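Each residue of the sequence shown is one higher than the one before, counting from 0 in numbering that gives the first Met the number 0.
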Amino acid sequence: MAIASGQSAAAQVTDCPLGRTTLSTLSPLGDVLAVPAARAVVEKVSPGLADKMMKPFGGQALPPGFERIVTPRSVMGMVGMGDAALIAKMDAGLGKVKLTKADVLARCASYDNERPQIPADLPRPAILVFGKITGFRDGPSVDAAEVALKQIAARHGWGIVFTDRGGVFNAADLARFDSVVWNNISGDALTIPQRAAFRKWIERGGGYTGIHGSGGDPQFFWDWYADTLVGARFIGHPMGPQFQEARVVVEDKAHPATHGLPTEWRMTEEWYSFDRSARGKNVRVLATLDESTYKPGEGFGRKLAMGDHPIAWTRCLGRGRSFYTAIGHRPESYTQAESVKLLDQGIAWSAGLSPEGCGPTRK
Numbered sequence: 000m001a002i003a004s005g006q007s008a009a010a011q012v013t014d015c016p017l018g019r020t021t022l023s024t025l026s027p028l029g030d031v032l033a034v035p036a037a038r039a040v041v042e043k044v045s046p047g048l049a050d051k052m053m054k055p056f057g058g059q060a061l062p063p064g065f066e067r068i069v070t071p072r073s074v075m076g077m078v079g080m081g082d083a084a085l086i087a088k089m090d091a092g093l094g095k096v097k098l099t100k101a102d103v104l105a106r107c108a109s110y111d112n113e114r115p116q117i118p119a120d121l122p123r124p125a126i127l128v129f130g131k132i133t134g135f136r137d138g139p140s141v142d143a144a145e146v147a148l149k150q151i152a153a154r155h156g157w158g159i160v161f162t163d164r165g166g167v168f169n170a171a172d173l174a175r176f177d178s179v180v181w182n183n184i185s186g187d188a189l190t191i192p193q194r195a196a197f198r199k200w201i202e203r204g205g206g207y208t209g210i211h212g213s214g215g216d217p218q219f220f221w222d223w224y225a226d227t228l229v230g231a232r233f234i235g236h237p238m239g240p241q242f243q244e245a246r247v248v249v250e251d252k253a254h255p256a257t258h259g260l261p262t263e264w265r266m267t268e269e270w271y272s273f274d275r276s277a278r279g280k281n282v283r284v285l286a287t288l289d290e291s292t293y294k295p296g297e298g299f300g301r302k303l304a305m306g307d308h309p310i311a312w313t314r315c316l317g318r319g320r321s322f323y324t325a326i327g328h329r330p331e332s333y334t335q336a337e338s339v340k341l342l343d344q345g346i347a348w349s350a351g352l353s354p355e356g357c358g359p360t361r362k
């Protein structure tokens, strides 16, 4: 087992995906408010709106990091100022903002190019656990997942590296691993070259495992990640109450990730809903939610009931493998036998260690 932390004294990053893109009401809220000229546009359109957008819940502040995963347009809707004319006026003003070098650095401040130290004797198979969270961080779920992942790796004798440094996403470092596990990642984390390296590695036979929050941002700013790698976009979860018991139904008993699991089980979780069912070409739905056993309700003005409600699935992207499970908010989920077994076997499948996959398997 190996654990790597990030190096210090990072160089300033200027190649983040949105650093030089024109600002709009569809930019991250944090980007707009970090650029002085853009913040001035917001205040000119509606004095006091900048502060109001940071406190949209009846005067309560956005949780830390949320400004990276919501947009001015979405928050204006929350505070009752989402009419088309006002949004158009703000877009017109934001579109004229000339970004300075300082603005680009501010927008790229959460990214890094630091490469963690990876032990030369790292055992194979090996998994990389990525933990760079620039949006919302739910500490208990992240920490509980780390414990479970260490135990899974130890059971199998896998190498394991933990890092919160985006610089690990380069061809040489990724080649040391069989699957990359995104541990409840929220917020945009990779620079343009890092995105390209990760995508190429996946499409050439790498594996991805996404846990819960890794598919749960209100807005994503990397379409390939949300629509292709994960395959569905989060739209909300119940809030009345937030955590509910529901029946999980194993749909694909033949998949290696579900081997030995019961036909169904019940557990209490924060149940995600998505903009669409993940079903499609090269997708195998592993488990679904029985919506009659809990109350999906509504969120952000949308009904959360999906009808067909996959909660864990796999996708093939060429030779690459993607496994996503929306289970994993409550720390108890990382000790419940069924969800741990699904996670364990899903990682093995994504690493190419199962007898069937999306291309050549590894011994």
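Glycine residues also receive a C-beta, built at the ideal position from the N, C-alpha and C atoms. These numbers were taken from a predicted model, which means no experiment stands behind them.
Task: Contact test: residue 271 Cβ vs the ligand ADP heavy atom, cutoff 7 Å - done: With respect to the ligand ADP, the structure offers nothing, as it holds no ligand at all.
Task: Closest residue to residue 232 among 278, 293, 42 and 138 (Cα-Cα distance) - done: Sequence index remark: in the sequence shown, residue 232 carries index 233 (1-based). Ranking the options by Cα distance to residue 232, first place goes to 278.
Task: Residue(s) in a DSSP beta bridge with residue 289 - done: Residue mapping note: residue 289 aligns to position 290 of the sequence shown, counting from 1. Per DSSP, 246.
Task: Contact with chain B by residue 13, beta-carbon distance below 8 Å - done: Looking at the structure shown, chain B is missing, and only one protein chain is on hand.
Task: Close-in-space but distant-in-sequence residues of the same chain around residue 191 (CB under 8 Å, 5 per side omitted) - done: Taking the first residue of the sequence shown as 1, we reach residue 191 at position 192. Contacts found: 14, 15 and 16.
Task: Nearest residue (CA-CA) to residue 199, options 187, 169, 32 and 184 - done: Numbered from 1 along the sequence shown, position 200 holds the residue referred to as residue 199. It is 169 whose Cα lies nearest to the Cα of residue 199.
Open item on the list: Between the alpha carbons of residue 18 and residue 263, how many angstroms are there, rounded?
Closed with: Reading the sequence shown from its first residue, position 19 is the one you call residue 18. Reading the sequence shown from its first residue, position 264 is the one you call residue 263. One C-alpha to the other measures close to 46 Å.
Task: Beta-carbon spacing of residue 179, residue 346 below 8 Å - done: Residue mapping note: residue 179 aligns to position 180 of the sequence shown, counting from 1. Residue mapping note: residue 346 aligns to position 347 of the sequence shown, counting from 1. Their beta carbons are not under 8 Å apart, which means residue 179 does not touch residue 346 by this criterion.
Task: Rounded distance between the beta-carbons of residue 256 and residue 313, thought under 8 Å - done: Residue 313 sits at position 314 when you count from the first residue of the sequence shown. Residue 256 sits at position 257 when you count from the first residue of the sequence shown. That belief holds up - the Cβ atoms of residue 313 and residue 256 are roughly 7 Å apart, short of 8 Å.
Task: Helix, strand or coil at residue 252 according to DSSP, with G and I counted as helix - done: On the sequence shown, position 253 is the one that residue 252 refers to. Coil.
TODO: With residue 197 as the anchor, note down where its alpha helix (DSSP H) starts and where it stops.
DONE: As a first step, residue 197 must be located in the sequence shown, where it is residue number 198. Here the alpha helix (DSSP H) through residue 197 covers 191-202.
Task: Beta-carbon contacts of residue 11 that lie in its chain and below 7 Å, excluding the five residues immediately before and after - done: Within the sequence shown, numbered from 1, the residue matching residue 11 stands at position 12. The residues are 104.
Open item on the list: Using 8 Å for Cβ pairs, my map puts residue 303 next to residue 235. What's the rounded Cβ distance?
Closed with: Walking along the sequence shown from the start, residue 303 turns up at place 304. Walking along the sequence shown from the start, residue 235 turns up at place 236. Confirmed, about 5 Å.
- [ ] Report all residues from its chain with a CB closer than 6 Å to the CB of residue 67; omit the five preceding and five following residues, and keep chain order.
- [x] Position 68 of the sequence shown, counted from the first residue, corresponds to residue 67. So the list reads 27, 29, 133, 134 and 186, once near-sequence residues are dropped.
Open item on the list: Suppose you measure from the CA of residue 126 to the CA of residue 197; what does that come to, to the nearest Å?
Closed with: Reading the sequence shown from its first residue, position 127 is the one you call residue 126. Reading the sequence shown from its first residue, position 198 is the one you call residue 197. Approximately 14 Å between the Cα atoms of the pair.
Open item on the list: Here's the rule I'm using: 16 or more other beta-carbon atoms within 10 Å means buried, otherwise exposed. How should residue 56 be labelled?
Closed with: Here residue 56 refers to the residue found at position 57 when the sequence shown is read from its first residue. It is exposed - the Cβ of residue 56 has fewer than 16 other Cβ atoms within 10 Å.
Task: Cβ-based neighbour list, residue 176, same chain, cut-off 7 Å, excluding 5 preceding and 5 following - done: On the sequence shown, position 177 is the one that residue 176 refers to. Sequence-distant Cβ neighbours of residue 176 in its own chain, meaning closer than 7 Å and more than five residues away, are 125, 126 and 127.
TODO: Take every Cβ of the region 42-59, pair it with every Cβ of the region 129-149, and state whether three or more of those distances are shorter than 8 Å.
DONE: no
Task: Option nearest residue 38 by Cα separation, candidates 74, 93 and 87 - done: As a working mapping, residue 38 is identified with position 39 in the sequence shown. When each option's Cα is compared against that of residue 38, the closest is 93.
Open item on the list: Quick check on the burial criterion: 16 or more other C-beta atoms within 10 angstroms. Buried or exposed for residue 131?
Closed with: Taking the first residue of the sequence shown as 1, we reach residue 131 at position 132. With 16 or more Cβ atoms within 10 Å of its Cβ, residue 131 is classed as buried.
Open item on the list: Just to confirm the assignment, what range does the alpha helix (DSSP H) spanning residue 84 have?
Closed with: Position 85 of the sequence shown, counting from 1, holds the residue named residue 84. 83-93 is the span of the alpha helix (DSSP H), which, as asked, contains residue 84.
Task: 8 Å CB neighbourhood of residue 337 in its chain, flanking five on each side removed - done: Your numbering for residue 337 matches position 338 in the sequence shown. Excluding positions up to five away in sequence, the list reads 247, 260, 261, 264 and 266.
Task: residue 271 (DSSP reduced to helix, strand or coil) - done: For the purposes of this step, residue 271 is taken as residue 272 along the sequence shown, with counting starting at 1. It is coil, neither helix nor strand.
Open item on the list: Tell me the residue span of the beta strand (DSSP E) that contains residue 26.
Closed with: On the sequence shown, residue 26 is found 27 positions in, with the first residue counted as 1. Neither: residue 26 is in no beta strand (DSSP E) and is coded neither H nor E.
TODO: Confirm, please, whether the CB-CB distance from residue 320 to residue 206 is below 8 Å.
DONE: Counting from one through the sequence shown, the residue named residue 206 turns up at place 207. Counting from one through the sequence shown, the residue named residue 320 turns up at place 321. Yes; because the gap between Cβ atoms is below 8 Å, this pair is in contact.
Task: For residue 59, the residue or residues it bridges with in DSSP - done: The sequence position of residue 59 within the sequence shown is 60, counting from 1. DSSP output for residue 59 lists 56 as bridge partner(s).
TODO: Compute the distance between the beta-carbons of residue 203 and residue 167, then report whether it is under 8 Å.
DONE: Locating residue 203 in the sequence shown gives position 204, counting from the first residue. Locating residue 167 in the sequence shown gives position 168, counting from the first residue. Their beta carbons are not under 8 Å apart, which means residue 203 does not touch residue 167 by this criterion.
- [ ] Rank 107, 81 and 239 by C-alpha distance to the C-alpha of residue 20 and give the top, closest one.
- [x] Locating residue 20 in the sequence shown gives position 21, counting from the first residue. Looking at the Cα atoms, 107 is the closest of the given residues.
Open item on the list: Among the candidates 315, 109 and 344, whose CA atom is the shortest distance from the CA of residue 189?
Closed with: For this step, residue 189 is matched to residue 190 along the sequence shown. With distances taken between Cα atoms, residue 189 lies closest to 109.
Task: Reduced DSSP secondary structure (H/G/I, E/B, other) of residue 266 - done: One-based indexing of the sequence shown puts residue 266 at position 267. Three-state result, residue 266: strand.
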